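K.L.:
Numbering (my numbering), first residue to last: 838 to 1081.
Ideal Cβ placement from N, Cα and C applies to all residues, glycine included.
From a predicted model like this one, the values you see are computed outputs, not experimental measurements.
Would you mind keeping the following structure in view while I ask a few things?
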Ligand SMILES: Cc1cc2nc3c(=O)[nH]c(=O)nc-3n(C[C@H](O)[C@H](O)[C@H](O)COP(=O)(O)OP(=O)(O)OC[C@H]3O[C@@H](n4cnc5c(N)ncnc54)[C@H](O)[C@@H]3O)c2cc1C
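Encoded structure:
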């Protein structure tokens, strides 16, 4: 499942700069690299809190870049859990050094695609943020539509940033859905993304490059729906967030 362009992958050290709250239990972590880290929007890296045992799956984990590659910092975003990895991440202090390895992943954006869509579940928003920020800040003309599904309203990460982009850029549109409870905000649809939802809100999906990011089960279901509708498999890029 994990594929990467090995020629650019390397270990590097970064210094922790700051934490930014993105939702009730989700925060972004910004780091300053010694030298610029080249990556493509949509890629991920590995964070090591156990450098001596690189195979330690408890303390060394994959996280996606949640910022455009042009930024001077590196940003990753994590849902907080009880895990040792979360504890180590949340206890970082300014200027603490962290070892990373990357970039990895082939679910990347290149500006050749005029029409792009994202089908995202929960914290799967992180690579989509990297791509959307890259497209908007570089004035790339690609038309982007995001279907963004969350369990609860308070789970929605990057809500403010996405709302602002939606309001300020004609080539970015977002459709929100919340699975549990009655959404307070009327712009949110209720329920999960299913075939009818995709047909209604992504009626031109066959013309689009489709990114699917989220937990493994959701990614399988969404990919199958897209294939059933008649989307070209070669135009579907899916990344499983193994570990959710
Ligand atoms: C390509 C990729 C990109 C990712 N990007 C992000 C991101 O941007 N933000 C983010 O928050 N997370 C991301 N993840 C998931 C991340 O690596 C962690 O697995 C996740 O955050 C849970 O870690 P935890 O320490 O909170 O959970 P834990 O409490 O350690 O684990 C949660 C549950 O998942 C199971 N689990 C943990 N690791 C694995 C594994 N490797 N394989 C199978 N089951 C496992 C555990 O048994 C447990 O049931 C990404 C994963 C991949 C593969």
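Just to confirm, is the Cβ distance from residue 1062 to residue 1035 under 8 Å?
P.N.:
Position 225 of the chain shown, counted from the start, is the residue given in the question as residue 1062. Position 198 of the chain shown, counted from the start, is the residue given in the question as residue 1035. A contact, by the Cβ cut-off of 8 Å.
K.L.:
To the nearest angstrom, report how far apart residue 1008 and residue 893 are at their CA atoms.
P.N.:
Numbered from its first residue, the chain shown carries residue 1008 at position 171. Numbered from its first residue, the chain shown carries residue 893 at position 56. Each residue's alpha carbon lies about 42 Å from the other.
K.L.:
Residue 1080 by DSSP, collapsed to three states: which one?
P.N.:
What you label residue 1080 is simply residue 243 of the chain shown in a count that begins at 1. Note: residue 1080 maps to coil in three-state DSSP.
K.L.:
Alpha carbon to alpha carbon, how far is residue 876 from residue 943?
P.N.:
Sequence index remark: in the chain shown, residue 876 carries index 39 (1-based). Sequence index remark: in the chain shown, residue 943 carries index 106 (1-based). Each residue's alpha carbon lies about 11 Å from the other.
K.L.:
Are the beta-carbon atoms belonging to residue 932 and residue 1054 less than 8 Å from one another?
P.N.:
Here residue 932 refers to the residue found at position 95 of the chain shown. Here residue 1054 refers to the residue found at position 217 of the chain shown. Taking 8 Å as the Cβ cut-off, residue 932 and residue 1054 do not qualify as a contacting pair.
K.L.:
Does DSSP put residue 1059 in a helix, in a strand, or in coil?
P.N.:
Looking up residue 1059 in the chain shown gives position 222. Three-state result, residue 1059: helix.
K.L.:
Would you kindly work out how many angstroms separate the C-alpha atoms of residue 959 and residue 867, rounded to a whole number?
P.N.:
Along the chain shown, read from residue 1 onward, the residue named residue 959 stands at position 122. Along the chain shown, read from residue 1 onward, the residue named residue 867 stands at position 30. Those two C-alpha atoms are separated by around 20 Å.
K.L.:
Could you check whether the Cβ of residue 790 sits closer than 7 Å to any heavy atom belonging to ligand 1?
P.N.:
Residue 790 falls outside the range modelled here, since the chain spans only 838 to 1081, and no answer is possible.
K.L.:
Roughly how far, in whole angstroms, is the beta-carbon of residue 902 from the beta-carbon of residue 881, given that I think they are within contact range, below 8 Å?
P.N.:
Here residue 902 refers to the residue found at position 65 when the chain shown is read from its first residue. Here residue 881 refers to the residue found at position 44 when the chain shown is read from its first residue. Indeed they touch by this definition, with Cβ atoms about 7 Å apart.
K.L.:
Quick one: using the 10 Å Cβ neighbour count with 16 as the cut-off for buried, is residue 918 buried or exposed?
P.N.:
On the chain shown, residue 918 is found 81 positions in, with the first residue counted as 1. Counting Cβ neighbours within 10 Å, residue 918 comes out exposed, since fewer than 16 surround it.
K.L.:
In the DSSP assignment, find the alpha helix (DSSP H) that holds residue 1003 and state where it starts and stops.
P.N.:
As a working note, residue 1003 is residue 166 in the chain shown. 996 to 1005 is the span of the alpha helix (DSSP H), which, as asked, contains residue 1003.
K.L.:
How big is the Cα-Cα spacing for residue 847 and residue 888?
P.N.:
Position 10 of the chain shown, counting from 1, holds the residue named residue 847. Position 51 of the chain shown, counting from 1, holds the residue named residue 888. Residue 847 and residue 888: Cα-Cα distance of roughly 14 Å.
K.L.:
Would you mind stating whether residue 991 and residue 861 have Cβ atoms separated by less than 8 Å?
P.N.:
Against the chain shown, residue 991 aligns to sequence position 154. Against the chain shown, residue 861 aligns to sequence position 24. Taking 8 Å as the Cβ cut-off, residue 991 and residue 861 qualify as a contacting pair.
K.L.:
Just the C-alpha distance for residue 916 and residue 1024, rounded to the nearest angstrom, thanks.
P.N.:
Here residue 916 refers to the residue found at position 79 when the chain shown is read from its first residue. Here residue 1024 refers to the residue found at position 187 when the chain shown is read from its first residue. In a straight line, the C-alpha of residue 916 is about 24 Å away from that of residue 1024.
K.L.:
If you draw a straight line from the alpha carbon of residue 1079 to that of residue 969, how long is it in whole angstroms?
P.N.:
Taking the first residue of the chain shown as position 1, residue 1079 is located at position 242. Taking the first residue of the chain shown as position 1, residue 969 is located at position 132. Answer to the nearest angstrom: the Cα atoms are 23 Å apart.
K.L.:
Comparing alpha-carbon positions, which option in 1032, 896, 900, 1046 lies nearest residue 863?
P.N.:
Here the question's residue 863 lines up with position 26 in the chain shown. If we check each option's Cα against that of residue 863, 900 comes out closest.
K.L.:
To the nearest angstrom, report how far apart residue 890 and residue 923 are at their CA atoms.
P.N.:
What you label residue 890 is simply residue 53 of the chain shown in a count that begins at 1. What you label residue 923 is simply residue 86 of the chain shown in a count that begins at 1. Whole-angstrom Cα-Cα distance: 18 Å.
K.L.:
Return the chain-ordered list of same chain residues with a C-beta closer than 8 Å to the C-beta of residue 854, the five sequence neighbours on each side being excluded.
P.N.:
Within the chain shown, the letter at position 17 stands for residue 854. Excluding positions up to five away in sequence, the list reads 867, 868, 869, 910, 931.
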